[in-house]
Structures are given as structure tokens and as C-alpha cells.
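Colleague: Submitted below is the structure of interest, expressed as C-alpha cells.
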Amino acid sequence: MAEAAVSTIMEILSQLVEEEVRLVVGVDEEVKKLTSNFQAIESVLEDAECKQVKEKAVGDWLEKLKDVSYDIEDVLDEWNTAIQKLRIMEAENASKLVTKVCYLMSCFRFCNRRVVIRHDIAVKIKELNKTLDDIALEKNRFQLRSIRGMREVERQITTSNVDITKIHGRDHYTKEITNYLLSESSNGPISLPIISIVGLGGIGKTTFARLVFNDHEVTAHFNIKIWVCVSDPFDEIRIGKAILESLRDAAPNVNEFESVLKNIHESIKDKKFLLVLDDVWTEDSNKWEQFKNSLKYGSKGSRILVTTRKMNVAKVMGSTNFIEVGMLSDDKCWSLFSQISFYGRNTEECKKLEDVGRSIVKKCNGLPLGVKTLGGLLRFKKTIEEWQNVLDNEMWELEEVENMIFTPLLLSYFDLPSQLKRCFLYCAIFPKDFIIEKNHLIKLWMA
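The following block contains the structure:
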């Protein structure tokens, strides 16, 4: 990510110019030029990061910038390391009680080495400056706007989470799901009813499943509750071991699929369980049937709750009941959005922002996650100009997006500071629902 790379370079340059430049006199002019180039580029980076989504040429330009930034970082690290070594040598030589002649010879060697390092670093930085000159000149082709400094965001320690089921007309989904789970009757001869929650990404399927899963009445009804994030691809061993881990409160020491299924069978036998399979994608009935056969030995009243984007997946899994989650109405979207984005504002402020806010909400097309994401983003934007910039953003015109939730999430991502973008992208490497241990993550970042 170019913005993070440039930000890192600017920090290093600032530190070196402040502390070290006097030691390497031959480099100072090149470093000043380097700093000037990066400052000019840094001012338009935020706009470039957004435009690259639609314009490939901008993306290619950012890649070139990122590559030269890494090369410059390597040279600056080399410079800094050399300076530190010379300082240590100077301190050691000064502290030694040696003859005057030896000391003078040592000083001569020290000064000569400093000159060599100065020349070597100067040549490298000069070459990289030429490359950076071309990159800085090329940016003019893209008509990038300088938007750095336009916004000073006051980040409060707060949350934008709102329970979407409390928006009028949404709680009937949780009631319907709960009724299916607690009902003593199963559909005809089927001994293990499967209830599927179906809907678009960002519509609230997982939210409803979690609300029901954590409901006190549901908890009291079942002997065992198991939650597994399935996602794509459908990894039988991983899913089976996740089920076993929930059943036994420990990671299972089995890797053969048959052994996993046998252990699941033994662990749930004659027990009333609730198994939630979140975010299922596979339409391969053979993969699912193997699991289903090992789960049918639970006691009467056991249930499986599935969330999926595809109705065909729900049918392949043999669902007995379907809950299709629909879009929020315009009024409900506005109610949710205003609860988040207008939090802490006075009535006059809210009135000024309402028209632009309603136009933004319409672009979410009734998806709760999109509404919540943009509400959280705009909560910290104080002026109508900042809200208008979100409404007019070119990302809304993307044709290649897979679904409607992509643009609100992308807008929120690009609003992050460069350091947080870097952290976010690193965390995105981990699988969905992966538990990231804090200290382990810090060590990975340090490495």
C-alpha cells in the first residue's frame, strides 16, 4: 500500500534530517530534494488510493511509487546503520588510552571511512531521486486532488453498534427463528430439522443467528450449543474439528475425517444440541451428507441453523424451514443511519445534514451493514462538505462490484489513516472468524 510506505519514509526522513544530517554533509541536498518530492506526492495520495479502484493507470502509478519507496527505505536504513556504527567506533577510539600516533592514524581511517559512506549513500539517493522525479511528474496526468489536511477527525472512544433488530419491523425475524428452534414438532418424519436464514451479504443473517444463539430461552432449551463459521471453501476437517472443539472445550487430537465424524457422533449421542453453521457456500450435497449422518444421533429436539446467501445452498442442505431476510425500508434505513451518524449532534446540525444524509442512505439500497458502516464513517465528519464528498464519491459508480455492500465498506476503508489501513490489510489475511491473539499479532507486526 503506497500511502503507508510513503508515510513510513516521511517519518524516517524527518528523524534522520533532524538528528543525523550533520554527520553526512554530502547527502543533505539530496535528502532535502527527496523530502520535497515525497511531500508533494503525499498530499495527493489519499485521492489516488480512491481513484485506483476505477482507473488502472493510477493503480500502476501507485505500484511504482510503492516500489521506489521500499528501495528508498532500504537505503535510508543502510545510511542510519552506517552512522550508528561510525558513532560507536568514534566513541571507542576516543575512550582508548593509546599513543598519539596510533590515535591519529585511527582518526584518519575513521574519517576516510566516513567519506566513503557519504559518497556511496549520496550516489544511491541521487539515483532514486531521479526515479522519484519521474513519478512525481507523472502524477499530474491524473488530476489528483490535494485533500490531506482538509479534515481533522476527532476520534472518540465510542461505538457505532446499534442492534438492527430493534429497528421497527425487524424483530419478527428473531421471533420466527426462535419459534422454529424451540418447537417440539419436527416436519413429518425428519428427525433433525434444518432452519436456513437466506439473504444478501450485509443483510443481517449472522446478526439474527447470534441473537437467537445467545437468547436465554434458547440456551436453557438445549444441552449443547455449537457455533461454526463455515465460509468458503468447505473444509470438512476444519469444520469437524471446530465442532469437536466446541463439544469438548479443547482442540481435538484427530486429523482423519472418519475419526472426526466418529468423535462427533459419540459426543452428541442422546444430547439435544443446537448447531449453527454460519456463512455456508458449498452446493456439493455429498460433502454435507457425511456431516449430516454423524449429527442425526442427537436426541429429539436437536436443531441445525444455517446462514447462507444462496437459496440453492439451503435446499441442498435439506432445509425444512427457510427465513428470507429482506431489505430495510427507506424509513428504517434512515432511522438506523441517523441513530449512528447524528449521535452527539444538536438539532440544528442534524437538520443541515439531513438532505445529504438521506441521499447517501438511498445508495445503500436497504442493506443494514452498508447503512451502519456509512453511519459510523459520517459520525465523525462535521461539515456538510465532507458529507457531500461521500455522496459524490466516484466509487458509487463502480460497475464491477459483486454486491451492493462493497462500496460503503470501501469508502470506510479509504477513510482510515494510512497506519490503520496497513494493520487492517494485515489482519484481513487471517481466515473469517479466526481468533487473533493480541501479543502474537504484535510480534508478527514487529517481524
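Residues in the sequence shown are numbered consecutively from 1, following full-length UniProt numbering.
Glycine residues also receive a C-beta, built at the ideal position from the N, C-alpha and C atoms.
Tell me which same chain residues have a C-beta within less than 6 Å of the C-beta of L274, skipping the five on either side of it?
Modeller: Correct list, in chain order: F222, K225 and R303.
Colleague: Tell me the residue span of the beta strand (DSSP E) that contains F273.
Modeller: Note, F273: beta strand (DSSP E), F273 to V280.
Colleague: Report yes if the C-beta distance between L353 and W387 is below 7 Å; otherwise report no.
Modeller: Result yes, Cβ atoms of L353 and W387 sit closer than 7 Å.
Colleague: Could you spell out where the beta strand (DSSP E) holding I226 opens and where it closes?
Modeller: Looking at the DSSP string, the run of the beta strand (DSSP E) that includes I226 is I224 to S231.
Colleague: Specify the secondary structure class of I197 as computed by DSSP and reduced to three states.
Modeller: Note: I197 maps to strand in three-state DSSP.
Colleague: Okay, do the stretch 275-282 and the stretch 304-319 touch, 3+ Cβ pairs below 8 Å being the bar?
Modeller: Short answer: they touch.
Colleague: Using the three-state DSSP reduction, which class does F434 fall into: helix, strand or coil?
Modeller: Correct three-state label for F434: coil.
Colleague: Are the C-beta of F234 and some C-beta of chain C separated by less than 7 Å?
Modeller: Protein chain content of the structure displayed is limited to a single chain, and chain C is not contained in it.
Colleague: Would you mind reading off the limits of the alpha helix (DSSP H) that contains E348?
Modeller: Here the alpha helix (DSSP H) through E348 covers T347 to K362.
Colleague: Can you find the residues in the same chain that come closer than 6 Å, C-beta to C-beta, to L261, ignoring five residues on each side of it along the sequence?
Modeller: Cβ within range, chain order: S294.
Colleague: When DSSP labels each residue in this structure, what does residue 505 get in the three-state scheme?
Modeller: No answer is possible for residue 505: it lies beyond the span of the chain, which begins at 1 and ends at 447.
Colleague: Could you give the DSSP three-state label for R422: helix, strand or coil?
Modeller: Helix.
Colleague: Who pairs with V306 in a beta bridge, going by DSSP?
Modeller: Partner(s): S196 and L277.
Colleague: Tell me, which residues are paired with F322 by DSSP?
Modeller: Answer by DSSP bridge pairing, in chain order: S196.
Colleague: Using 8 Å for Cβ pairs, my map puts I268 next to V212. What's the rounded Cβ distance?
Modeller: So it is not a contact: roughly 20 Å between Cβ atoms.
Colleague: Flag this pair as yes or no: are the beta carbons of M311 and V198 separated by less than 7 Å?
Modeller: For M311 and V198, yes; Cβs fall inside 7 Å.
Colleague: Could you give the distance in angstroms between the alpha-carbon of L192 and the alpha-carbon of K241?
Modeller: Cα-Cα distance, rounded: 21 Å.
Colleague: Measuring straight from C-alpha to C-alpha, what distance separates W445 and L377?
Modeller: Cα to Cα, the separation comes out at about 26 Å.
Colleague: Can you tell me the Cα-Cα spacing of K54 and F38, whole angstroms?
Modeller: Going by the C-alpha atoms only, they are around 24 Å apart.
Colleague: Roughly how many angstroms separate the alpha carbons of K381 and R238, rounded to a whole number?
Modeller: Each residue's alpha carbon lies about 43 Å from the other.
Colleague: Would you tell me roughly how many angstroms separate the C-alpha atoms of R345 and G204, rounded to the nearest one?
Modeller: Approximately 27 Å between the Cα atoms of the pair.
Colleague: In angstroms, rounded to a whole number, what distance separates the CA positions of D232 and L410?
Modeller: So the two alpha carbons sit approximately 22 Å from each other.
Colleague: What is the DSSP secondary structure of F234, reduced to helix, strand or coil?
Modeller: Coil.
Colleague: Since A48 and L144 are thought to touch, with beta carbons under 8 Å apart, how far apart are those beta carbons, to the nearest angstrom?
Modeller: So it is a contact: roughly 5 Å between Cβ atoms.
Colleague: Can you look up T35 in the DSSP assignment and give me helix, strand or coil?
Modeller: Three-state DSSP puts T35 in a helix.
Colleague: Are there 16 or more other CB atoms within 10 angstroms of the CB of Y173, so buried, or fewer, so exposed?
Modeller: The residue is buried, with at least 16 neighbouring Cβ atoms inside 10 Å.
Colleague: Which same chain residues end up closer than 8 Å to L374 when comparing Cβ atoms and leaving out the 5 residues on each side of it in sequence?
Modeller: Cβ neighbours of L374 beyond the five flanking positions: F337, S341, I360, V361, C364, V390, P408, L411 and S412.
Colleague: In angstroms with no decimal places, state the Cα-to-Cα distance between D171 and D415.
Modeller: Near 32 Å, if we compare the C-alpha coordinates of D415 and D171.
Colleague: Quick one: what does DSSP say E256 is sitting in, helix, strand or coil?
Modeller: Coil.
Colleague: So, using beta-carbon positions, are L305 and A209 closer together than 7 Å?
Modeller: Going by C-beta atoms, L305 is nearer than 7 Å to A209.
Colleague: Take the Cβ of L244 as the centre, count every other Cβ of all protein chains shown within 10 Å, and call the residue buried at 16 or more, exposed below.
Modeller: Buried: at least 16 other Cβ atoms inside 10 Å.
Colleague: Just tell me which of E236, K332, D249 and R248 has its CA closest to the CA of E258.
Modeller: Of E236, K332, D249 and R248, the residue nearest in Cα terms is E236.
Colleague: Between the beta-carbon of L132 and the beta-carbon of V44, is there less than 7 Å?
Modeller: The answer is no: Cβ separation not under 7 Å.
Colleague: Taking A136 as the reference, give the member of A122, V75, E217 and E42 with the closest Cα.
Modeller: Nearest C-alpha to A136: E42.
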